[in-house]
Amino acid sequence: MKITFDTKSAKSDALVLFVTDGGGLLETGKKTDKKTKSALKRAIKAEKFQGKKAQSLVVSGPAGTSHDVIVLMGVGKQRELTLKCFEKIGSALCGVLNAHKAATAEVIFETGSTFKDFSEAEAASRMATGLVLNSYRFDKYLTRQAKDKKPTLRAAAFKVAEPAPARKIFADEQKVAGGVFLTRDLVSEPPNVLYPESFADIIRKELTPLGIEVKVLHAKDIQKMGMGALMAVGQGSAREPKLVSMEYKGGDKKQKPVAFVGKGVTFDTGGISLKPGPGMEEMKWDMGGAGVVTGLMKALAARQARVNAVGVVALAENMPSGTACRPGDIVTSLSGQTVEILNTDAEGRLILCDALWYTQEKFHPTHIVDLATLTGAVIIALGHEYAGLFSNDDDFADTLIKSSRNIGEELWHMPLNDAWDKALDSPAADVKNIAGSREAGSATAAHFLKRFIKSGVKWAHLDIAGVAWTNKDRTSAPKGATGFGVRLLDDYVRGIETE
Ligand code: BES
Ligand code: MN
Ligand code: ZN
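Taking our numbering, I'd label the letters of the sequence shown as residues 1 to 499.
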């Protein structure tokens, strides 16, 4: 998608005009209405168009202009507009323009208002971001797709009063969108194509050119180093597990990094504790956390964030086989703690415990955020509207929640409790990988991870099982992989960048 900002009008298939609450036209709208012999006002009246936020009305083939369609885009009450509203409007606009087969559009960015919390440039840029994010398609395997089913929109030109700041802000947002798209691609790929080795290859290919140091540990390294938990999960598969680190140095040399750790189970059958058949195909996106870490690292490096950040992903395929780990196995994790595996389907925490320990030993981060499609229980608790947030530091959690609200990728702060930690004690090993009851299932999973966080390290765990994938179109995320977490954590990083 080509996005431009200018003060001049551009030739285009579609002209986009804002309409305020109650159906009011703004300056250019009024002029265009005159030119079209009042086609706009008549359409607004005929359709009783209220101009509510992100509602639209399309006037096709109007006389008196060169445009094929005029899109009247509702913005609602001006004083209620936020940046998130502009994103929603841009996202909705993408759908409308494609539905009307427009290839090019000019957006007259005229709101008839000034805003106290943000500039016109920020608003226009955020609208463009919504449009770009909603234009994503994963259709590489649709070889027989009818031409008229393909999205038509190629370019949107925003007419703004001050193009320079809008261009500058959008340049960064576009790079972040590039990260989101990489995450979506990874999460969408089928599990025969995306497995630990091919995932590691993509990371190397995508991130090395951006100046990120990518290091891949293979099964023999993982084994030799003592990551018995990651090894146990990967050992049932013909595809060997990998651990990949991505080091980005954009901050002060002496500054300790912030770390992002992702669960990358490229397919989760459950292992010997096999999952039921129906819906098992969904477990191709059990690498969603690792996908977000990869997309985030791409975004940070592409926009040259002034921060030291490291991404670590643990990649494995959880399969049942003659070499698979069994319920009852006791393995030794990299931390030295022994783990009794009582359910091979609670594999995410096993691969993460080694990835978390490795990250702390190797990179000494001050803060760690891990992301994982960790539990079905978080979907029972929060549905698909929030990711669960667990943390050992309330201030850190609050900071992340602020970012989540800025971006619209919502987090809900969930509790930790010593009783749930105790439930993980095993008579046979230092810890067991399930609590043994279904109560507070997301929290017991979080407590398992917490046992592998060193004291003094600020840690947050995002259980993204409910939000990594969507079965309905959402703001800035068409059906499918959402990329939830990339923009949220990019926003968090903006807050800690050095001057
Ligand atoms: N990958 C799943 C969690 C999951 C389930 C994600 C549904 C998305 C949708 C995870 O590995 C898992 O199987 N968790 C078990 C844990 C249980 C065995 C303690 C679960 O949630 O049932
Ligand atoms: Mn599982
Ligand atoms: Zn899983």
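Glycine residues also receive a C-beta, built at the ideal position from the N, C-alpha and C atoms.
Opposing strand residues paired with residue i [DSSP bridges]
i: Thr470; result: Gly480
i: Leu371; result: Gly262, Leu462
i: Tyr248; result: Ala309
i: Met73; result: Phe18, Ser56
i: Ile108; result: Lys159
i: Lys242; result: Leu315
i: Val431; result: Val339
i: Phe49; result: For Phe49, which the question treats as bridged, DSSP gives no partner whatsoever.
i: Asp6; result: Lys159
i: Val216; result: Val244
i: Lys25; result: First, the residue type needs correcting, since residue 25 is Leu and not Lys in the sequence shown. Leu25 is bridged to Val19.
Contact set for residue i: own chain, Cβ-Cβ below 7 Å, skip 5 residues either direction
i: Gln360; result: Lys454, Val457
i: Ser91; result: Gly130, Leu131, Leu133, Asn134, Thr475, Ser476
i: Lys479; result: Thr470, Asn471, Lys472, Asp473
i: Gly112; result: Thr20, Leu26, Gln78
i: Val378; result: Gly388, Ser442, Asp463, Ala465, Gly466
i: Gly228; result: Val331, Thr332, Ser333
i: Ser404; result: Glu410, Leu411, Leu488
i: Ile212; result: Met246, Glu247, Tyr248, Met297, Ala301
i: Tyr492; result: Thr399, Leu400, Ser403
Cβ-Cβ separation, residue j to residue i (assumed contact under 8 Å), whole Å
i: Gly226; j: Ala299; result: Contact flag wrong, Cβ pair sits at about 33 Å.
i: Thr183; j: Thr294; result: 7 Å
i: Ala460; j: Pro365; result: At roughly 12 Å, the Cβ-Cβ gap does not stay under 8 Å, so Ala460 and Pro365 are not in contact.
i: Leu243; j: Ile222; result: 6 Å
i: Ser119; j: Pro163; result: In fact, because the Cβ distance is near 12 Å, the residues do not count as touching under 8 Å.
i: Met127; j: Glu87; result: 7 Å
i: Val214; j: Leu207; result: 5 Å
i: Glu340; j: Ser426; result: 4 Å
i: Pro241; j: Pro196; result: 6 Å
i: Val513; j: Arg451; result: The requested residue 513 is not part of the displayed model; the chain covers only 1 to 499.
i: Val187; j: Ala387; result: Actually they do not touch by this definition, with Cβ atoms about 14 Å apart.
i: Val5; j: Val160; result: The sequence given here has Phe at residue 5, not Val. Between Val160 and Phe5 the Cβ distance is about 5 Å, and since that is below 8 Å, they are a contact.
i: Leu25; j: Leu40; result: 6 Å
i: Leu153; j: Cys94; result: 7 Å
i: Leu356; j: Leu449; result: 6 Å
i: Ser66; j: Lys11; result: 7 Å
i: Phe115; j: Ala124; result: The Cβ separation is near 12 Å, so there is no contact.
i: Leu72; j: Phe49; result: 7 Å
i: Phe484; j: Glu409; result: 5 Å
i: Pro257; j: Asn308; result: 4 Å
i: Thr36; j: Pro62; result: 4 Å
i: Asp286; j: Thr373; result: 5 Å
i: Gly250; j: Arg204; result: Between Arg204 and Gly250 the Cβ distance is about 19 Å, and since that is not below 8 Å, they are no contact.
i: Ala423; j: Gly436; result: 7 Å
i: Gly264; j: Val292; result: About 10 Å; that fails the 8 Å criterion.
Cβ neighbours of residue i in the same chain (closer than 6 Å, five flanking residues each side left out)
i: Val132; result: Met1, Ala177
i: Val233; result: Ala316, Asn318, Glu347, Leu350, Ile351
i: Asp13; result: Asp68, Ala102, Ala103, Thr104
i: Asp21; result: Gly51, Gly76, Lys77
i: Phe170; result: Ser125, Ala128
i: Lys402; result: none
i: Ile330; result: Thr338, Glu340, Ala429
i: Leu274; result: Pro320
i: Leu489; result: Leu296
i: Ala200; result: Val216, Lys242, Val244
i: Asp421; result: His447
i: Ala155; result: Lys2, Thr104
i: Lys30; result: none
Proximity test, Cβ basis, 9 Å: residue i and chain C
i: Phe260; result: Absent from the structure: chain C. Only one protein chain is present.
Beta-carbon contacts of residue i that lie in its chain and below 8 Å, excluding the five residues immediately before and after
i: Gly376; result: Gly441, Ala465
i: Cys325; result: Ala232, Val233, Gln235, Gly236, Gly271, Ile272, Val331, Ile341, Thr344
i: Lys175; result: Ala299, Ala302, Arg303
i: Asp33; result: Leu25, Ala39, Leu40, Lys41
i: Ala43; result: Phe49, Leu57, Val59, Leu72
| Pocket of ligand 1 (residues with CB nearer than 5 Å to any heavy atom), chain order | Asp268, Asp286, Asn343, Asp345, Ala346, Gly348, Thr373, Thr375, Gly376, Ile434, Ala465
| query | What are the uninterrupted segments assigned as alpha helix (DSSP H) that are 4 or more residues long and contained completely in the segment 386 to 429, given in chain order? | reply | 394 to 407, 418 to 422
| field | Runs of beta strand (DSSP E) wholly within the segment 267 to 341 (minimum 3 residues, chain order) | value | The segment 267 to 341 contains these whole beta strand (DSSP E) runs: 308 to 318, 330 to 332, 338 to 340.
| query | Can you give, in chain order, each stretch of the beta strand (DSSP E) that sits fully within the segment 132 to 210 and has at least 3 residues? | reply | 155 to 159
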